[in-house]
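In the numbering used here, the protein residues as written are 4 to 518. The beta-carbon is built from N, C-alpha and C at its ideal position, and this holds for glycine as well.
Right, here's the structure in full:
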């Protein structure tokens with residue numbers, strides 16, 4: 004067998020003829036590092052036909068024509084970036100790339116929460132800056148034959164009569180519906196041992212206070228709730244009523260994907276550390292349910308306040324969450340891979356040097372991770388024998404059967420004075436010699452959703468820390484809260500809750516749920 008390498012400006016392949024010259028195999032792909040993006044095609048020619056009459060070069064030229072104009076014209080040639088740990092448990096990661104060819108017909112682009120308004124003015128500014136390019140990405144994807152799903156959460160009422168909304172509702176039901184596909188997803192197994200890279204428990208707003216107050220007043224004058232001002236998707240994003248889909252329901256989005264044979268999903272939109280990762284149609288749900296998934300990292304943004312840990316500028320905080328995604332969730336791509344040119348870069352991005360490391364947190368200043376059970380001194384050297392109030396928090400997700408006719412309570416095996424809150428509701432404490440029980444009011448639990456559990460323990464002088472994991476109890480059901488929590492020194496009543504639902508403010512590394 005003889006081989007003839009052939010290259011052009013846009014493709015590279017190797018054509019291999021067998022000894023008789025009657026057939027050849029073409030190995031095709033755009034120029035890549037390695038061999039993982041190449042696709043094999045076999046083009047058959049009869050002896051004495053094309054090869055003998057036109058010669059080797061003509062046959063190869065025909066192969067190029069067939070591949071570039073027919074087979075691959077609409078495919079997405081993607082450069083996927085991901086991060087891999089250098090050695091298991093080392094905590095050090097290196098960035099790597101692989102090239103893949105995704106069929107446009109088998110690919111969907113999900114547009115997450117690109118709302119017409121937001122409670123954070125800076126978030127609006129950043130989104131409106133890159134939304135026109137996002138629209139160009141979607142137009143190009145649509146032109147190639149990809150499926151476009153618009154998912155502006157909480158806005159379906161505005162689209163009741165829209166063709167794209169009706170199309171999503173009427174999509175055939177999937178033969179197999181994944182477990183919990185209709186719910187928010189705050190963590191997948193690959194994230195279980197990962198430390199979350201930013202503190203988002205304040206909601207991530209980074210507005211100037213005066214501007215924020217003015218913006219809230221403007222929203223109110225427009226007849227909008229300053230806390231949830233969105234009503235539709237942004238007008239900067241076009242919706243094709245004859246081809247696209249509109250849905251914010253996980254089961255509907257899944258029906259669309261399955262009915263159209265979608266294998267690959269690209270997420271664009273906001274906000275990465277909250278909705279893009281966690282929504283029922285977000286990255287985590289797509290990954291755990293078997294789709295090939297990619298985040299378009301220059302077409303997204305985070306809700307992160309530089310006044311919170313790790314105290315870096317907003318865009319560095321965004322980079323840290325992108326790195327978390329690349330390490331533990333899915334690879335990322337950029338818009339230039341569809342549109343050409345360069346990846347999008349915000350004009351608001353700070354030009355100062357970025358701190359991309361992991362600066363240490365001082366336990367007396369902020370929430371810090373702690374293992375439960377453990378001695379506090381094992382986590383924060385030098386503060387092992389202090390007395391006074393210590394605060395601990397975690398996030399729990401409990402199904403409905405934990406709240407049906409049973410009283411939910413927390414058992415805390417400690418004789419130190421303690422107060423407990425669930426979603427900001429104070430539990431009734433019943434203490435005994437060596438154990439305290441805290442009974443939650445019925446309205447405190449949000450079933451099938453994420454709840455914030457907070458403990459305030461009055462530690463006595465000496466070694467401090469939770470030595471026995473607390474246990475949530477409902478009837479005969481129990482959930483031991485053994486693992487990573489957060490804690491801090493000091494005393495502030497506001498720490499009993501966060502200013503938004505736990506699924507937005509709680510991080511993935513302090514989550515507990517029944518198996």
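Sequence-distant residues of the same chain with beta carbon closer than 8 Å to residue 89, five excluded per side: 95, 96, 97
Where residue 456 falls: helix, strand or coil (DSSP): strand
Burial state of residue 194 (16 or more Cβ within 10 Å): buried
Among 205, 114, 253, nearest to residue 182 - alpha-carbon criterion: 253
For residue 346, three-class secondary structure by DSSP: coil
Reference residue 91; option with closest CA among 288, 296, 444, 196: 196
Pairwise C-alpha distance: residue 213 and residue 496: 25 Å
Element boundaries [alpha helix (DSSP H), containing residue 126]: 124-147
Bridge partner(s) assigned by DSSP for residue 443: Note: residue 443 sits in no beta bridge, so no partner.
Unbroken alpha helix (DSSP H) run spanning residue 318, endpoints: 317-331
Residue 421 in three-state terms, based on DSSP: strand
Segment contact flag, the stretch 499-518 with the stretch 200-220, C-beta cutoff 8 Å, min 3 pairs: yes
Residue 253 - DSSP class collapsed to helix/strand/coil: helix
Unbroken beta strand (DSSP E) run spanning residue 288, endpoints: Taken as a continuous stretch (DSSP letters only), residue 288 belongs to no beta strand (DSSP E), being part of the alpha helix (DSSP H) at 286-291.
Residues of its chain near residue 154, where Cβ-Cβ distance is below 8 Å and the 5 sequence neighbours each way are ignored: 113, 114, 115, 116, 249, 250, 251, 256, 272, 282, 284
C-beta atoms of residue 232 and residue 161 nearer than 8 Å: no
The alpha helix (DSSP H) enclosing residue 166, as first and last residue numbers: 166-172
Cβ separation of residue 269 and residue 297, assumed to be a contact under 8 Å, to the nearest whole Å: 5 Å
Touch test, the stretch 339-346 against the stretch 232-242, Cβ-Cβ under 8 Å, three pairs minimum: no
Burial state of residue 164, where buried means 16 or more other Cβ atoms lie within 10 Å: exposed
Distance between residue 315 and residue 375 (C-alpha atoms, nearest Å): 28 Å
Span of the beta strand (DSSP E), counted from its first residue to its last, around residue 79: 79-88
Residue 349 versus residue 109 - alpha carbon distance: 31 Å
Residue 108 in three-state terms, based on DSSP: helix
Three-way DSSP call (helix, strand, coil) for residue 247 in this model: coil
Residues near residue 335 by beta carbon distance below 8 Å, same chain, minus five either side: 83, 84, 85, 297, 298, 299, 300, 325, 328, 329
Helix, strand or coil at residue 2 according to DSSP, with G and I counted as helix: One cannot answer for residue 2 here, as it falls past the ends of the chain, which runs 4 to 518.
Nonlocal neighbours in the same chain, by C-beta distance under 7 Å from residue 476, ignoring five residues either side: 412, 414
When 473, 468, 288 are compared against residue 393, the one with the closest alpha-carbon: 468
Buried versus exposed call for residue 22 [16 or more other C-beta atoms within 10 Å across all chains shown]: In this prediction, residue 22 has a pLDDT of 38, which is less than 50 and means its spatial position is unreliable; nothing more can be read from the coordinates.
Between the CA atoms of residue 506 and residue 199 - distance to the nearest angstrom: 14 Å
Where the alpha helix (DSSP H) containing residue 213 begins and where it ends: 212-224
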